[in-house]
DNA sequence: CGTGTTGTTCCACACAGCGGAACGCTTCAG
DNA sequence: CTGAAGCGTTCCGCTGTGTGGAACAACACG
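Protein chains in written order, with the numbering used here: chain A, 128 to 396; chain B, 128 to 396.
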């Protein structure tokens with residue numbers, strides 16, 4: 128890794144916090160220390176700081192730490208201000224009415240992507256996603272369509288890294304993924320059959336921000352049995368439309384003849 | 128302040144983050160530095176770290192920083208896991224059906240309290256609260272009922288400090304507040320007329336956790352004109368019941384004959 | 001009763017981060 | 001048009017803060 132900007136110590140604090148979003152709910156000192164390659168002493172001190180401000184709580188019995196009220200408060204504020212989510216509510220509801228399946232909103236975050244909102248299906252057998260947890264970009268429709276429309280340098284970075292297998296359907300071969308991404312750019316949407324979650328299927332389309340870069344994606348997802356090619360085909364236009372509407376709401380203006388221009392390189396160095 | 132536990136630097140990182148919940152949406156380096164009494168260099172470095180992890184975003188034009196996608200993701204996770212909120216949804220909805228006013232859920236956080244959730248009134252003229260922002264405990268019904276049932280040492284700490292006036296109705300006199308708090312403990316609920324927000328009225332009751340300490344509060348609030356003594360009296364039983372239900376859901380067991388025991392001192396030294 | 005974990009505390013040392021100062025830039029007043 | 005005052009950013013030598021290995025107590029397992 129090229130030395131991150133900012134300070135080492137500050138980074139560690141955030142890294143500890145973010146571990147809580149990726150892993151299980153409660154974490155112990157040693158586990159965190161191992162995970163981040165830090166000494167137990169350091170981790171312990173950071174956790175003390177976090178506890179003092181209510182960002183995490185210490186369960187006296189189990190001696191495990193979990194996210195606390197301050198983080199919940201911070202989160203409530205962040206979600207309120209986060210334009211993508213604020214702007215999406217109505218559109219998501221519409222998409223839900225059209226498909227009756229679970230619809231999700233995904234944001235691009237450093238280190239991957241995370242679901243930031245969902246409306247769950249009314250079906251008895253349905254899918255729910257884990258809000259806030261980070262997932263890699265190469266698995267699942269929401270991830271793939273982000274990856275497909277990412278500025279080329281960042282995309283190459285990710286393609287160059289190891290493509291971990293979340294299920295046995297996850298695309299782990301670089302070349303296969305490349306052609307898949309080209310197809311996604313052509314179609315304007317992505318679909319997946321069990322790539323991230325074994326018994327789930329999904330269709331997703333990208334949302335672009337003011338600067339023309341991908342900001343997130345919208346998806347319809349559910350039990351794999353219901354996601355037949357026919358259903359996927361029927362959903363796709365709705366998903367694409369919803370994503371397009373969100374892009375517009377975020378101030379994005381179509382440059383080409385209707386379809387977003389793929390992979391503009393990021394502006395300045 | 129007695130030197131906080133944990134490390135200085137780590138604390139600063141969190142303090143910077145939390146400024147975003149208390150103040151306006153976008154902040155500049157100098158403003159933050161002034162607010163926290165730090166050098167601009169330090170703040171700038173911390174912000175760089177936060178930007179690198181997506182916790183905050185930099186608006187290139189205005190050179191102002193605001194909360195970013197990672198914080199939104201972290202927040203989504205924290206809110207999902209935060210038992211008080213998770214457990215409250217149904218109860219809040221019921222309370223909303225009973226009163227047709229805005230109902231809120233408040234959590235106790237270091238440095239005050241913050242609204243964690245709300246269901247807004249269906250009336251045309253209604254109140255909405257600012258989720259995630261920290262408010263002091265001595266103003267407003269949600270705050271006062273937290274303060275009233277806080278373990279004595281912590282309560283005294285707050286009473287000893289300056290009682291800032293958020294409106295001209297805010298109780299700023301220590302003795303007046305003391306008798307008010309006693310009344311609240313007797314009644315089991317608190318009410319306010321414009322103490323925190325000039326043209327708002329509210330009724331609130333405390334929620335207790337497994338350990339018998341206050342965790343948060345539930346309130347019904349709205350435009351002051353509708354919060355007549357009659358309406359407050361009519362609401363109170365519902366609010367108290369809702370709060371009681373939540374306490375039960377959190378594992379709290381009534382010790383006395385129905386009413387929660389006030390102000391147990393905190394267990395260990 | 002040892003041997004493996006935990007989480008927590010201590011302390012001398014080194015180096016990471018601090019912060020004053022300087023920079024380039026924009027904005028506003030005169 | 002000039003000057004002052006604000007902003008965010010960068011630099012660099014000194015220092016004081018946080019580091020991390022080791023030692024500790026408290027459990028858990030066999």
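Beta carbons are placed, not taken as given, at the ideal position from N, Cα and C, and that holds for glycine. Everything numeric in this text was worked out from a predicted model, so none of it was measured.
Which whole-angstrom value describes the C-beta separation of residue 232 of chain A and residue 343 of chain A, a residue pair presumed to lie in contact below a C-beta threshold of 8 Å?
Indexing the first chain from 1 puts residue 232 of chain A at position 105. Indexing the first chain from 1 puts residue 343 of chain A at position 216. Contact flag correct, Cβ pair sits at about 6 Å.
Between which two residues does the alpha helix (DSSP H) holding residue 204 of chain B run?
Taking the first residue of the second chain as position 1, residue 204 of chain B is located at position 77. Run containing residue 204 of chain B: 196-208, per the alpha helix (DSSP H) assignment.
At a CB-CB cut-off below 8 Å, which residues of chain B make contact with residue 237 of chain A?
Position 110 of the first chain, counted from the start, is the residue given in the question as residue 237 of chain A. Those are 179, 180, 181 and 197, listed as they occur along chain B.
Once the 5 residues before and after residue 206 of chain B are set aside, which same chain residues still bring their CB inside 7 Å of it?
Taking the second chain and counting its residues from 1, one reaches residue 206 of chain B at position 79. Only 212 meet the Cβ criterion.
Residue 184 of chain B, enclosing beta strand (DSSP E) - first and last residue
Position 57 of the second chain, counting from 1, holds the residue named residue 184 of chain B. Following the DSSP letters along the chain, one finds residue 184 of chain B inside the beta strand (DSSP E) bounded by residues 183-186.
Run the CB neighbour count on residue 392 of chain A, radius 10 Å, all protein chains shown included, and call it buried at 16 or more, exposed below.
Translated into positions along the first chain, residue 392 of chain A becomes position 265. Unreliable placement is indicated for residue 392 of chain A, whose pLDDT of 38 sits below 50; the coordinate value is still reported in the next sentence. Residue 392 of chain A is exposed by the Cβ-count criterion.
Terminal residues of the alpha helix (DSSP H) in which residue 269 of chain B lies
Sequence index remark: in the second chain, residue 269 of chain B carries index 142 (1-based). Here the alpha helix (DSSP H) through residue 269 of chain B covers 268-276.
With residue 305 of chain A as the anchor, note down where its alpha helix (DSSP H) starts and where it stops.
As a working note, residue 305 of chain A is residue 178 in the first chain. That run of the alpha helix (DSSP H) goes 301-314.
Chain B contact for residue 284 of chain A (CB, 9 Å cutoff)
As a working mapping, residue 284 of chain A is identified with position 157 in the first chain. Under the Cβ distance rule, residue 284 of chain A does not count among the residues neighbouring chain B, no pair being separated by less than 9 Å.
Relative to the C-alpha of residue 370 of chain B, which candidate in B:218, B:360 and B:197 has its C-alpha closest?
Position 243 of the second chain holds residue 370 of chain B. Among B:218, B:360 and B:197, the Cα nearest to that of residue 370 of chain B is on B:218.
Reduced DSSP category for residue 383 of chain B - H, G, I as helix; E, B as strand; rest coil
Here residue 383 of chain B corresponds to residue number 256 of the second chain, with the count starting at 1. Unreliable positioning characterises residue 383 of chain B in this predicted model, as indicated by a pLDDT of 45, which lies under 50. A coordinate reading is not provided.
Just the C-alpha distance for residue 363 of chain A and residue 277 of chain A, rounded to the nearest angstrom, thanks.
As a position in the first chain, residue 363 of chain A is number 236, starting the count at 1. As a position in the first chain, residue 277 of chain A is number 150, starting the count at 1. Rounded to the nearest angstrom, the two C-alpha atoms are 20 Å apart.
Determine whether the Cβ of residue 207 of chain A lies closer than 9 Å to any Cβ atom of chain B.
Here residue 207 of chain A is taken as the residue at index 80 of the first chain, counted from 1. Chain B contact via Cβ: present.
Length of the line joining the Cα atoms of residue 252 of chain B and residue 325 of chain B:
For this step, residue 252 of chain B is matched to residue 125 along the second chain. For this step, residue 325 of chain B is matched to residue 198 along the second chain. For residue 252 of chain B and residue 325 of chain B, the gap between their C-alpha atoms comes out near 15 Å.
Inter-residue spacing [alpha-carbon to alpha-carbon] between residue 283 of chain A and residue 309 of chain A:
For this step, residue 283 of chain A is matched to residue 156 along the first chain. For this step, residue 309 of chain A is matched to residue 182 along the first chain. Answer to the nearest angstrom: the Cα atoms are 13 Å apart.
Just the Cα atoms here: how many angstroms apart are residue 288 of chain B and residue 164 of chain B?
Walking along the second chain from the start, residue 288 of chain B turns up at place 161. Walking along the second chain from the start, residue 164 of chain B turns up at place 37. If you take the alpha carbons of residue 288 of chain B and residue 164 of chain B, they lie about 20 Å apart.
Out of B:304, B:332 and B:314, which has the shortest C-alpha to C-alpha gap to residue 322 of chain B?
To locate residue 322 of chain B, count along the second chain from 1; it is residue 195. Nearest C-alpha to residue 322 of chain B among B:304, B:332 and B:314: B:304.
Applying the criterion that 16 or more other CB atoms from any shown protein chain within 10 Å of the CB defines a buried residue, is residue 313 of chain B buried or exposed?
As a first step, residue 313 of chain B must be located in the second chain, where it is residue number 186. Exposed, by the Cβ-count rule.
Could you name the residues that DSSP lists as bridge partners for residue 245 of chain B?
Stepping through the second chain from its first residue, residue 245 of chain B is reached at position 118. Partner(s): B:231.
Are the C-beta of residue 280 of chain A and some C-beta of chain B separated by less than 9 Å?
Reading the first chain from its first residue, position 153 is the one you call residue 280 of chain A. With 9 Å as the cut-off, residue 280 of chain A does not count as an interface residue toward chain B.
Which term fits residue 319 of chain B, buried or exposed, when burial requires 16 or more other beta carbons within 10 angstroms of its beta carbon?
The residue you call residue 319 of chain B lines up with position 192 of the second chain. By the Cβ neighbour-count rule, residue 319 of chain B is buried, with 16 or more other Cβ atoms within 10 Å of its own.
According to the neighbour-count rule (16 or more other Cβ atoms, all chains shown, within 10 Å of its Cβ), is residue 180 of chain B buried or exposed?
For the purposes of this step, residue 180 of chain B is taken as the residue at position 53 of the second chain. Classification for residue 180 of chain B: buried.
In terms of residue numbering, what span does the alpha helix (DSSP H) encompassing residue 350 of chain B cover?
Reading the second chain from its first residue, position 223 is the one you call residue 350 of chain B. According to the DSSP assignment, residue 350 of chain B belongs to no alpha helix (DSSP H) but to the beta strand (DSSP E) extending over 341-350.
Nearest to residue 279 of chain B (by Cα), restricted to the options B:374, B:377, B:340 and B:162
The count along the second chain starts at 1 and reaches residue 279 of chain B at position 152. If we check each option's Cα against that of residue 279 of chain B, B:340 comes out closest.
Just how far apart, CA to CA, sit residue 349 of chain B and residue 229 of chain B?
Position 222 of the second chain holds residue 349 of chain B. Position 102 of the second chain holds residue 229 of chain B. In a straight line, the C-alpha of residue 349 of chain B is about 6 Å away from that of residue 229 of chain B.
Are the C-beta of residue 246 of chain A and some C-beta of chain B separated by less than 9 Å?
In the first chain, residue 246 of chain A corresponds to position 119, counting from 1. Taking a beta-carbon distance threshold of 9 Å, residue 246 of chain A does not count as an interface residue toward chain B.
Through-space distance from residue 294 of chain A to residue 143 of chain A, alpha-carbon basis:
Here residue 143 of chain A refers to the residue found at position 16 of the first chain. Here residue 294 of chain A refers to the residue found at position 167 of the first chain. Approximately 27 Å, taken between the alpha carbons.
List the endpoints of the continuous alpha helix (DSSP H) containing residue 291 of chain B.
If you number the second chain from 1, residue 291 of chain B lands on position 164. First-last for residue 291 of chain B: undefined, no H or E at that position.
Residue 334 of chain A - containing beta strand (DSSP E), residue span:
If you number the first chain from 1, residue 334 of chain A lands on position 207. Annotation for residue 334 of chain A: the continuous beta strand (DSSP E) segment containing it runs 327-335.
Could you tell me the distance, in whole angstroms, from the CA atom of residue 273 of chain B to the CA atom of residue 355 of chain B?
Within the second chain, the letter at position 146 stands for residue 273 of chain B. Within the second chain, the letter at position 228 stands for residue 355 of chain B. Taking the straight line from one Cα to the other gives about 23 Å.
Beta carbons nearer than 7 Å to chain A: which residues of the stretch 319-347 of chain B have them?
Against chain A - using a Cβ distance shorter than 7 Å - the stretch 319-347 of chain B contributes no residues.
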